[in-house]
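Data block below; observations after.
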Amino acid sequence: MTAKLTRRSVLSGLGAGLAQSLLLRQVSAANLFSVQAGEPGKLDLKLTAITPHVLHIGIAPAVAPPPVRELGIMDHPHEVALARSASGSYVNWGKYRIQVAENPLRITVADEAQKVRQEIEFEKDSTSVRFLLGSQPLFGMGEGLSGLDRRGTRDGMRNGEGSPGLRTAGARVSIPWLISPEGWGIFIGQPVGAFNLTGDRGMVQSSVANSTRNVYLVLGDTPADVLRGYADLTGYPHLPPLWSLGYMQSHRTLASRDEVLGIAKTFREKKLPCDALIYLGTGFCPSGWNTGHGSFTFNADVFPDPREMLREFHEQHLKVVLHVVPPYDFHGKLTDTGAAAHELGDAVPYWAEHMPLEEIGVDGWWPDEGDSLPVTARLERNEMYWEGQIKAHPERRPFALHRNGYAGLQRYGWLWSGDIDSSWEALATQVMNGINVGLCGIPYWGTDTGGFVPTRELTPELYVRWFQFSAFCPLFRSHGRAWKLRLPWGWNMGTPGPLEGAERLTGWPRQQDLHNDQVEPICRKYLELRYQMLPYIYSAVEQAHRTGLPLMRALWTAWPQDAKSVLIEDEYLWGDHFLVAPVLEAGATSRKSYLPPGTWWDFWNNQRVEGGSEVTREVDLTTIPLYVRAGGIVAMGPVRQHTAEHGEEPVTLRVYPGADGRFSWYEDDGTSFRYRQSEFTRIDCAWDDASRKLTMAWAAGSRPSSGRKVWVQAMDHGAKKLVTVQGHITTVNL
């Protein structure tokens, strides 16, 4: 029998038309409209305005109220008011209007111009939800899907590395969030079920006959509004430690203590910048950091004295990250008490196994596997690595690189794309993957540089092109089988080292490829550029933490009305000002890129380029196209060997004329949580193109420091001025 909506006495002022379809009752300072009655066979519908941009639509059997908390969704104690219209025919949600119809049960939201922004329809048994798809491409639904546009696709939302697109797209991390350039996003609560986006309306149909459903609608005038609304809903990204934005070198099969320490020493001797070393666990290779799968005991053959070895790493300003796999019955939180805290697989005893390693100096974790864990357990695991590290070191920001997660992962850790192939197709697919993951609220993402599984396509050229791409990903890390070829100098050692299963590739790698002296200098070039750009990158990271905007951005997030920008999936914005166009084809001598409307600057030669069309740039193996928007202000520092290295050379603010522009330059200690007590500096920079004036102002809430020296440089003529930033505002004529 089809369930009916409950009906109650009509509040004074509600129009008869609305009363015939649904009763809305105002509760708790007008922030909630609901229908409630405990009669079997009927449904309660609840509308809650979480923010002026986020609406919660809840539906549940009248006799079984929905769960208080939806997985991945933040608590929102300060909801905004909804109000009945004077006629009673609709509900006002800020500048939007909400109308409810019963047959079918449909919630329609229109804006001030009476344009329908979204229409969400429920089946009365609530197992299916339908919504408008609009006319633009669609994005989201998590990591590991091929193609950027979700329109016309079906997806079962199955998590893990068993997805058919694993070899190129990576592991599937399903997030039931869909976002449109038309200014809306929709999040479907658990149980999710399958998405069908093949028609004019999208449909989500759960495989579980559950008549409880939470749906969240996010509306905004700009893509930034919608992404901020999603962050309001699921949480803002954490602010990671500065060292996690440096280069990370991953290891696999280890030969000895001397080899382990020798690789660290080689980075420093060769002056190849590096901040962290990552060690795989034994269980995936013959000799890793530990004694077996899931073990927390160091392998004495390669780490005979781990405390002393960690001390030596730290003296060289290198962090150490260890690979771990979870219990197959992992569950729970570090706040569990009583019997729950003593269950096998609970977070409390499991985290206790990590603590001895935390105490001797391990700096971060690489939680692998866990694909088969329930979605709740996957998110609990993300949370455990955040809360556990804070418990061990309250003064230190955590680091954990995950393969699994859900909405809300951004509050706790990083994500990498899993065990993809070393192929050109995989490289190209990862560009769109990174763009899409950012649109799902997860800004801290990256890949195994070079791809994980060697194929015959893994050559010095592919590795270099992937390395260049990774230099413009939040996570800059090399990893994969035949791991010594993932060292910046690995292609010129005369031997590939352990092939780890790649022996099946007869004749690979070619002997001439093992004597390639071009790779290391190119890697050095992009390592040094990455470290020079850290002031700009860290400012973009803080912007993500503050606003929900990712570091890797789809072009349409800045140009939503530009039809060509909406379709671009092989290039992206890097922060506010850079456009990155990775080279994705073997043997390329040129790269065609689309530049959105406006004036741009070629980063390498400082030539002006007009946008609004495709441009072709010649490239050699050392170069990928990089462009900077006119009006861009880019903070660049000196070359460093690690993020903790401090020198006398001031930061340079590069100004790219041709338009007005702004940049928020942010700094803190890079390690602690003291920024929460306003121990940070922020200088708001503004460029007035007509007067050629750069203004630098200490932002409210930051702690200004007098006498800060800064180089400023207008990139159209190259002259630099050394300026001392004093007082509240400093102005420079360029």
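Residue numbers (this note's numbering): -15 to 718. We put the beta carbon where it would ideally sit given N, CA and C, even for glycine. Please read all numbers here as calculations on a predicted model, not as lab measurements.
Open item on the list: Buried or exposed for Pro534, going by 16 or more other Cβ atoms inside 10 Å?
Closed with: buried
Open item on the list: Could you compute how far the alpha carbon of Ala21 sits from the alpha carbon of Val332?
Closed with: With a pLDDT of 38 at Ala21, under the threshold of 50, the predicted position of this residue should be treated as unreliable, though the coordinate-derived value follows. Whole-angstrom Cα-Cα distance: 40 Å.
- [ ] Could you pull out every residue in the same chain whose Cβ sits closer than 6 Å to the Cβ of Gln710, ignoring the five residues on either side in sequence?
- [x] Ser690
TODO: Between the Cα of Phe451 and those of Leu483, Gly144, Leu568, Glu166, spot the shortest distance and give me the residue it belongs to.
DONE: Leu568
Open item on the list: So, with DSSP's three-state summary, where would you put Arg575?
Closed with: strand
Task: Span separating the alpha-carbon of Arg361 from that of Thr321 - done: Before going on, a small fix: residue 361 reads as Ala here, not Arg. For Ala361 and Thr321, the distance between alpha carbons rounds to 17 Å.
Open item on the list: Using 8 Å as the cut-off, can you tell me whether the stretch 632 to 648 makes contact with the stretch 667 to 678, which would need three or more C-beta pairs spanning the two stretches below that distance?
Closed with: yes
TODO: Answer yes or no: do Trp273 and Phe282 have a C-beta to C-beta separation smaller than 8 Å?
DONE: yes
Task: Exposed unless 16 or more other CB atoms sit within 10 angstroms - verdict on His630 - done: exposed
Task: Per DSSP, cross-strand counterpart(s) of Ser158 - done: Gly126
Task: Trp584 versus Phe562: straight-line alpha-carbon distance, rounded - done: 9 Å
- [ ] Kindly list the residues whose CB is nearer than 7 Å to the CB of Asn717, restricted to its own chain and excluding five residues on each side of it in sequence; keep chain order.
- [x] Arg676, Lys677
Task: Cα-Cα separation, Ser662 to Pro493 - done: 53 Å
- [ ] May I ask you to list the residues that DSSP assigns as paired with Trp168?
- [x] Ser164, Leu203
Task: Cβ pair Leu256, Arg508 closer than 8 Å - done: yes
Task: Backbone CA spacing between His40 and Pro581 [nearest angstrom] - done: 37 Å
- [ ] Please name the residue, chosen from Lys704, Leu610, Pro519, Cys457, that lies closest to Ser648 on a Cα-to-Cα basis.
- [x] Pro519
- [ ] Kindly identify the DSSP beta-bridge partner or partners of Thr636.
- [x] Met620, Trp695
TODO: Tell me whether Val304 sits in a helix, a strand or coil according to DSSP, three-state version.
DONE: strand
Open item on the list: Rounded to the nearest angstrom, what separates Ile617 and Met699 at their Cα positions?
Closed with: 10 Å
Open item on the list: With three or more beta-carbon pairs closer than 8 Å as the criterion, would you say the stretch 424 to 436 touches the stretch 190 to 210?
Closed with: no
TODO: Would you check if there are 3 or more beta carbon pairs closer than 8 Å linking the stretch 179 to 196 to the stretch 438 to 447?
DONE: no
TODO: Using three-state DSSP, classify Ile374 as helix, strand or coil.
DONE: helix
Task: Ala260, DSSP secondary structure in three states - done: strand
Open item on the list: Please state the DSSP three-state secondary structure of Trp473.
Closed with: coil
Task: Outcome for Met680 when other beta-carbon atoms lying within 10 angstroms are tallied against a minimum of 16 - done: buried
Task: Distance, Asp259 Cα to Leu16 Cα - done: Residue placement at Leu16 cannot be trusted, given a pLDDT of 42 that sits under 50; what the coordinates show is reported in the next sentence. Cα to Cα, the separation comes out at about 50 Å.
Task: Among Gly559, Val47, Gln414, the one whose alpha carbon lies nearest that of Asp151 - done: Note on residue identity: the sequence assigns Arg, not Asp, to residue 151. Arg151 has its Cα closest to that of Gln414, out of Gly559, Val47, Gln414.
Task: For Pro165 and Gln502, the rounded distance between their alpha carbons - done: 42 Å
- [ ] Taking Glu526 as the reference, give the member of Gly571, Thr479, Ala547, Pro458 with the closest Cα.
- [x] Pro458
Open item on the list: Here's the rule: buried if 16 or more other CB atoms are within 10 angstroms of the residue's CB, otherwise exposed. What is Tyr312?
Closed with: exposed
- [ ] Give the DSSP-derived three-state secondary structure of Thr281 in the structure shown.
- [x] coil
- [ ] Since I believe Ser228 is in contact with Phe383 (beta carbons under 8 Å), could you give me their beta-carbon distance rounded to a whole number of angstroms?
- [x] 5 Å
Task: Element boundaries [beta strand (DSSP E), containing Tyr659] - done: Here Tyr659 belongs to no beta strand (DSSP E), and DSSP marks it neither H nor E.
Open item on the list: In this structure, how does DSSP classify His529 when only helix, strand and coil are distinguished?
Closed with: helix
Task: DSSP state of Met416 mapped onto helix, strand, coil - done: helix
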